[in-house]
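**Student:** Under the working numbering, the sequence shown has 123 at position 122, and the numbering climbs by one with no breaks.
Even glycine gets a Cβ: it sits at the ideal position worked out from N, Cα and C.
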Amino acid sequence: MAVPGSGLAKGLAVTLRTMTRKNVTAQYPDVQPELPPRSRGVIALFEENCTVCMLCARECPDWCIYIDSHKETVPAAAPGGRERSRNVLDRFAIDFSLCMYCGICIEVCPFDALFWSPEFEYAETDILELTHERDKLREWMWTVPEPPALDPAAEEPKEIAAARKTAEKLQAQRAKEAQEAQQATEPRRTAGTRQATEDQRAHKDRTDRNRSQQEQKDRTDQQGQQEQKEEEGEA
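#1: Would I44 pass as a contact of W117 if the rule is Cβ separation under 8 Å?
#2: Compare the C-alpha of R85 against each of D91, T74, R92, A94 and name the closest.
#3: What are the partner residues of M96, as DSSP defines its beta bridges?
#4: Return yes when the Cβ of R165 is within less than 8 Å of the Cβ of L46, no when it is not.
#5: Whole angstroms are fine: how far does the CA of A27 sit from the CA of P37?
#6: Over what stretch of residues does the alpha helix (DSSP H) that includes T19 continue unbroken?
#7: Does DSSP put T126 in a helix, a strand or coil?
#8: Rounding to the nearest angstrom, what Cα-Cα distance links T16 and P5 in this structure?
#9: For W141, is the classification buried or exposed, using 16 other Cβ atoms within 10 angstroms of its Cβ as the cut-off for buried?
#10: Which residue from A114, R41, P76 puts its Cα closest to that of C54?
#11: Are there 16 or more other CB atoms within 10 angstroms of the CB of L151, so buried, or fewer, so exposed?
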């Protein structure tokens with residue numbers, strides 16, 4: 002036999018128990034949700050890294066990536082070199098009404114031009130407006146979080162090690178060339194200093210010789226004048 006008022010007591014107990022819990026309802030869009038750092042929202046484009054290899058468009062299972070490009074001739078970097086042609090990106094668009102967010106395009110991109118962005122607010126009233134062009138994809142690029150730091154105990158990637166060795170070798174070569182150029186200028190500088198010293202010594206000798214000749218001439222003139230005065234006095 003149930004105790005009268007037990008149901009009311011149970012209801013009040015449930016009410017008291019839930020009053021102390023934290024609210025789980027997100028008042029979106031007034032309150033923005035806190036997303037994990039690596040949330041997969043939309044696909045962002047880093048246009049500078051794109052080489053128009055078309056690999057992402059070929060591997061996309063939904064065929065929702067549209068790319069247009071044209072070829073341009075790049076002049077030779079050095080005289081006598083060969084001209085080369087390169088692909089220039091004209092259009093890069095993704096139809097998010099077809100995209101199933103599998104991330105295959107990001108995985109197969111060999112030049113790190115596509116990234117996951119945590120942005121997710123791109124709802125439209127017209128399905129045709131869900132096809133976003135490269136300007137919008139580039140705008141989402143600035144919301145991509147930085148990659149996590151490398152493990153200090155991890156091995157250095159081969160690409161970075163090769164680039165570092167090349168830079169160190171180039172720096173050492175430049176330092177050696179500068180040292181050789183400095184050693185080559187030292188004999189010329191020493192020869193120039195020696196020649197200047199010899200010229201100064203020769204100039205000093207000429208000056209001393211001219212002064213001696215002038216003093217001797219002055220003494221001779223004074224002696225002649227004195228003898229002439231003595232002769233006039235005797236006469």
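**Tutor:** A quick look at the data gives this:
#1: In this structure, the beta-carbon distance from I44 to W117 falls below 8 Å.
#2: T74
#3: In the sequence as presented, Met is not what sits at residue 96; that position holds Asp. T132, per the DSSP bridge assignment.
#4: no
#5: 15 Å
#6: Annotation for T19: the continuous alpha helix (DSSP H) segment containing it runs 7-20.
#7: Residue state, collapsed to three classes: coil.
#8: 19 Å
#9: buried
#10: A114
#11: exposed
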